[in-house]
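Chemist: Have a look at the structure that comes next, please.
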């Protein structure tokens, strides 16, 4: 080990005194065709690591498994967005770290570190501790399906920060990284623009949000919003840093595309966060006395015209989401629409934090504990089927997941990096203004992203850039320790390669598992569906949704026996069918109990199991009603799923079938009162009310059913019968 040395002005020294080999903004460094100063002095393993980092930056935002525009009929995975991004991210990181290890072991060199490293290590240690104490350690480690921000992702973020710190040792490389991100963002934002024009070349099926809202390769406008904030800041930073007119125009063109997508996503949090980022860059440009050029004026005018046109067109829309003015107004309408449900989700998060303030519930477990703490009003406003899997506020998300200490550690890291790098960016010095503007774009992007995250959702495909850019920002402060080539280099390199290969295979099996999950969910039926679901569980036994899908596949097979059971035939053939149905019932029961045993806090599984027992009681053995009552009570009382109308409906059905009419009426009355749009609950409320002779309540409940769902089976005839009985009674 040699003497520790510190970098000067963000570049790695050639001598002990820190003479830099930085690159100013007007030197040749075109796009992704990296100059010698970027690759200069790199060994082959270092180059592999460098290109792996650039591949991560470029490919993660673009990654998706839906390539139907190429004529491929279906996506490769059920989760077409986040899983693929996580796969690409981890694959690139593993290759990069393995290559870097080869370089250090065979050639020696410098191991760079920053003061932020200590905070990161402490934070990761805390996340590890909260994983051990989590309500569901498997979810806390891997993250919830389609979110994936568990311990494994935080380790990935830390690994990306480390790798970037080792490689971003000169301004030319920081500039190359920014350009790589820029061109990826052009692809993402450009695709979003096509979607806003109704020219999406991919097939997505029924979208859960408004048509012509940009969602690009992130699957949802709200998830895209955070990435747009980064792209706005980085592209504007590149534009203002460039002296060559042609390239300055290229960066401005990318910024224009980002602005278009920014508006077309209609994501309020991104509008706020993006505005913060742009204001910061403008402040830096003023502080550094950046000289504007003719190109800037041309593009500023073009962007102004574009914004005016997009806003004017949106004002014609009667849809409050697609109308910019109505969308902006809704930010301040706290008692209506999505803002109201957002506050209710925050209320649930605060209640959860109060109950476990130190260790939290484990990373990415919000969906599991939300049903326990959601307020009653949320059920009526969001619907009985709605379960929030994210707090829609990153501080609350982290505090509920990792406890208040975990939140303070993470945000302490963010604040430390911001303060440690602010003076270099904002103070006017003799250094390269162009280099400062690129770093200012990253700094502003991080600030804008964190602002957006006060209202939005965290996704790994965007959050990773917070860590990439923090590494770039901390590069000027990095110290290094020189190490010599190791005597056992070959053994160490082989071990690093084997470990990376094993983790790559493990990474790939999750993608294959999700392909089987896709086949089970939408492409097959019967026992084929069961086989695909079993394969998904076998390849990824840590995903609770795969286990639930397996149980539902068995349930669908059991349901096919119900018409024959309902016929009540006592023939030998019918008895044989009944025996098969009983066997399938037991198989389904085992699968559902396994799903609950694996994830006891997943609300939906209790609904599915009680529904199975109610069906078993109706068609096989009335003793199954007692099991339905047991599991219904267990969900309501032990798991505190108090405001779960779907579970209370199944509980009411079982109670009514066993003759406990009053208890059934109490349960169904509460269930129906929670959500005016829960037509099944209102219908069963009418059934019990009629049996009690309460025709007024029955009529009221059936009227509500037909108001919500006019074609509800038998509801109209039932209402006519109730009204006829009421008329006869009054006469």
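In my numbering, the protein residues as written are 4 to 734. Think of the CB as a built atom: it goes at the ideal place given N, C-alpha and C, for glycine as much as any other residue. Here the structure is a predicted model, which means the values were calculated and not measured.
1. Could you check what DSSP says for residue 77 in three-state terms: helix, strand or coil?
2. Please classify residue 361: does DSSP put it in a helix, a strand, or coil?
3. Looking only at its own chain, which residues have a Cβ that is under 8 Å from the Cβ of residue 591, when we skip the five neighbours before and after it?
4. Could you give the C-beta distance for residue 454 and residue 276, rounded to a whole number, given that I count them as a contact under 8 Å?
5. Would you report the Cα separation of residue 449 and residue 280, rounded to the nearest angstrom?
6. For residue 732 and residue 538, I'd like the C-alpha separation in whole angstroms.
7. Between which two residues does the beta strand (DSSP E) carrying residue 112 extend?
8. Just checking, does the stretch 101 to 117 make contact with the stretch 484 to 498 on the three C-beta pairs under 8 Å criterion?
9. Please state if the CB of residue 503 and the CB of residue 547 are separated by a distance shorter than 8 Å.
10. When DSSP labels each residue in this structure, what does residue 611 get in the three-state scheme?
11. State the CB to CB distance for the pair residue 215 and residue 201, rounded to an integer number of angstroms; the pair is presumed to be in contact (CB under 8 Å).
12. Suppose the cutoff is 8 Å on Cβ atoms and the five residues either side in sequence are ignored; what does the same chain contact list for residue 353 look like?
13. Can you list, in chain order, the residues of its chain with a C-beta nearer than 7 Å to that of residue 408? Leave out the 5 residues immediately preceding and following it.
14. Among residues of its own chain, excluding the 5 on either side of residue 722, which ones have a beta-carbon nearer than 6 Å to its beta-carbon?
15. With DSSP as the reference, label residue 484 as helix, strand or coil.
16. Under 7 Å Cβ to Cβ from residue 60, same chain only, skipping five residues before and after it: list those, please.
17. With a threshold of 8 Å on Cβ separation, who are the neighbours of residue 140 within its own chain once the five nearest residues in sequence on each side are excluded?
18. Hey, is the stretch 430 to 441 in contact with the stretch 258 to 278, meaning 3+ C-beta pairs nearer than 8 Å?
19. Please return the same chain residues whose Cβ sits closer than 6 Å to the Cβ of residue 447, not counting the five positions on each side in sequence.
20. For residue 225, name the three-state secondary structure that DSSP assigns.
21. Which word fits residue 533, buried or exposed, when buried means at least 16 other C-beta atoms lie within 10 angstroms of its C-beta?
22. Report yes if the C-beta distance between residue 367 and residue 404 is below 8 Å; otherwise report no.
23. What residue range is occupied by the uninterrupted alpha helix (DSSP H) comprising residue 169?
24. If you drop the 5 nearest sequence neighbours on each side, which residues of the same chain put their C-beta closer than 7 Å to that of residue 728?
25. Report the option in 163, 73, 221 and 125 whose CA atom is closest to the CA atom of residue 97.
26. Can you give the Cα-Cα distance for residue 334 and residue 369, rounded to whole angstroms?
27. Please determine, among 124, 178 and 45, the residue with the shortest C-alpha to C-alpha distance to residue 154.
28. What does the alpha-carbon distance come out to for the pair residue 488 and residue 500?
29. Suppose only complete runs of 4+ residues qualify. What are the alpha helix (DSSP H) ranges in the stretch 198 to 279, listed by chain order?
30. Distance, Cα to Cα, residue 474 vs residue 197?
31. Starting from the C-beta of residue 71, find all residues in its chain whose C-beta is less than 6 Å away, skip the five residues before and the five after it, and write them out in chain order.
32. Which of helix, strand or coil does DSSP assign to residue 367?
33. Could you say which of 549, 104 and 646 lies nearest to residue 498 if we only look at CA atoms?
34. Report the residue from 576, 639 and 551 whose alpha carbon sits nearest the alpha carbon of residue 601.
35. Measuring CB to CB, does residue 642 end up less than 8 Å from residue 359?
36. Ignore the nearest five residues each way along the sequence and tell me which others in residue 617's own chain have a CB closer than 6 Å to its CB.
Modeler: Quick look at the numbers:
1. On the chain shown, position 74 is the one that residue 77 refers to. In this structure, residue 77 counts as coil in the three-state DSSP scheme.
2. Reading the chain shown from its first residue, position 358 is the one you call residue 361. In this structure, residue 361 counts as coil in the three-state DSSP scheme.
3. On the chain shown, position 588 is the one that residue 591 refers to. Excluding residues within five positions, the ones whose Cβ falls inside 8 Å are 554, 557, 558, 560, 561 and 615.
4. Counting from 1 along the chain shown, the entry for residue 454 is found at position 451. Counting from 1 along the chain shown, the entry for residue 276 is found at position 273. Rounded, the Cβ-Cβ distance is 4 Å, consistent with contact.
5. In the chain shown, residue 449 corresponds to position 446, counting from 1. In the chain shown, residue 280 corresponds to position 277, counting from 1. One C-alpha to the other measures close to 8 Å.
6. Start at 1 with the first residue of the chain shown, and residue 732 comes out as number 729. Start at 1 with the first residue of the chain shown, and residue 538 comes out as number 535. Residue 732 and residue 538: Cα-Cα distance of roughly 60 Å.
7. For the purposes of this step, residue 112 is taken as residue 109 along the chain shown, with counting starting at 1. 112 to 116 is the extent of the beta strand (DSSP E) around residue 112.
8. yes
9. In the chain shown, residue 547 corresponds to position 544, counting from 1. In the chain shown, residue 503 corresponds to position 500, counting from 1. Not in contact: residue 547 and residue 503 (Cβ atoms no closer than 8 Å).
10. Taking the chain shown and counting its residues from 1, the one referred to as residue 611 is at position 608. Helix at residue 611.
11. By one-based count along the chain shown, residue 215 stands at place 212. By one-based count along the chain shown, residue 201 stands at place 198. 6 Å between Cβ atoms; contact.
12. Against the chain shown, residue 353 aligns to sequence position 350. Excluding sequence neighbours, residue 353 sits near 399.
13. For the purposes of this step, residue 408 is taken as the residue at position 405 of the chain shown. 129 and 361, listed in sequence order.
14. Translated into positions along the chain shown, residue 722 becomes position 719. Around residue 722: 705.
15. Within the chain shown, the letter at position 481 stands for residue 484. Strand.
16. Mapped onto the chain shown, residue 60 falls at position 57. 180, 183, 184, 187 and 471.
17. Counted from its first residue, the chain shown places residue 140 at position 137. Same-chain partners within the cutoff: 134 and 365.
18. no
19. In the chain shown, the residue the question calls residue 447 occupies position 444. If we look at residue 447 and ignore the five residues flanking it on each side, its Cβ neighbours are 236, 280, 283 and 284.
20. As a position in the chain shown, residue 225 is number 222, starting the count at 1. Three-state DSSP puts residue 225 in a helix.
21. Position 530 of the chain shown, counted from the first residue, corresponds to residue 533. Residue 533 comes out buried.
22. Reading the chain shown from its first residue, position 364 is the one you call residue 367. Reading the chain shown from its first residue, position 401 is the one you call residue 404. In contact: residue 367 and residue 404 (Cβ atoms closer than 8 Å).
23. Indexing the chain shown from 1 puts residue 169 at position 166. That run of the alpha helix (DSSP H) goes 154 to 170.
24. The sequence position of residue 728 within the chain shown is 725, counting from 1. Closer than 7 Å at Cβ, skipping near neighbours: 698.
25. Mapped onto the chain shown, residue 97 falls at position 94. Here the closest residue by C-alpha is 163.
26. In the chain shown, the residue the question calls residue 334 occupies position 331. In the chain shown, the residue the question calls residue 369 occupies position 366. Their Cα atoms are separated by approximately 24 Å.
27. Counting from 1 along the chain shown, the entry for residue 154 is found at position 151. Among 124, 178 and 45, the Cα nearest to that of residue 154 belongs to 124.
28. Along the chain shown, one-based indexing puts residue 488 at 485. Along the chain shown, one-based indexing puts residue 500 at 497. Approximately 17 Å, taken between the alpha carbons.
29. 224 to 244 and 248 to 267
30. Position 471 of the chain shown, counted from the start, is the residue given in the question as residue 474. Position 194 of the chain shown, counted from the start, is the residue given in the question as residue 197. If I take the Cα positions, the gap works out to 33 Å.
31. Position 68 of the chain shown, counted from the start, is the residue given in the question as residue 71. Cβ within range, chain order: 205 and 206.
32. Numbered from its first residue, the chain shown carries residue 367 at position 364. Residue 367: coil per DSSP, three-state reduction.
33. If you number the chain shown from 1, residue 498 lands on position 495. Among 549, 104 and 646, the Cα nearest to that of residue 498 is on 104.
34. Locating residue 601 in the chain shown gives position 598, where the first residue counts as 1. Checked all of 576, 639 and 551; the closest Cα to residue 601 is 551.
35. By one-based count along the chain shown, residue 642 stands at place 639. By one-based count along the chain shown, residue 359 stands at place 356. For residue 642 and residue 359, no; Cβs fall outside 8 Å.
36. What you label residue 617 is simply residue 614 of the chain shown in a count that begins at 1. Excluding sequence neighbours, residue 617 sits near 631, 653, 656 and 657.
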